[in-house]
Amino acid sequence: MSLGITLVSHVPDIANGLPQLLKQVAKDVPITTAGGTNDNDIGTSMEKIMHAFDENSADEILAFYDLGSAKMNLEMAMEMSDKKVHLYDVAFIEGAYTAASLIQAGVGLADVEKQLKPLKIKD
Numbered sequence: 677m678s679l680g681i682t683l684v685s686h687v688p689d690i691a692n693g694l695p696q697l698l699k700q701v702a703k704d705v706p707i708t709t710a711g712g713t714n715d716n717d718i719g720t721s722m723e724k725i726m727h728a729f730d731e732n733s734a735d736e737i738l739a740f741y742d743l744g745s746a747k748m749n750l751e752m753a754m755e756m757s758d759k760k761v762h763l764y765d766v767a768f769i770e771g772a773y774t775a776a777s778l779i780q781a782g783v784g785l786a787d788v789e790k791q792l793k794p795l796k797i798k799d
């Protein structure tokens, strides 16, 4: 089973810039992004998220997002996707960076999730 990452941000530049940081520690991890609305305004797009899932070559995807409405679109896209997607309510940059570096090191999903727990955003 291969693991990849999908990043969802309200801002296209954030979604497209974060992989530059992640690739420093995870050059072999499939990372796809969905940033902004369909018109590249501030917001999120379920269609862009679906495309990011489809473009990701991994068997399973770890999804990270920046703000709450991105989570809603992620949840809807997950229901429509054929891929197994895991959604994390963690600090966006730190969570994605932690997951990417661990996946690159060959760490399994259960252990990645253990490392993400301290980064969980409290309700």
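Each residue of the sequence shown is one higher than the last, beginning at 677 in our numbering.
Quick reminder that beta carbons are idealized off the backbone N, C-alpha and C, glycines included.
Keep in mind that this is a model prediction, so the values were computed, not measured.
Note the first and the last residue of the continuous alpha helix (DSSP H) segment covering H727. M722 to E731
Between L792 and A775, is the Cβ-Cβ spacing less than 8 Å? yes
Pairwise C-alpha distance: E755 and G693: 27 Å
Among G744, E751 and S721, which residue has its Cα nearest to the Cα of I737? E751
Where S733 and I707 are concerned, what is the direct C-alpha to C-alpha distance, given to the nearest angstrom? 9 Å
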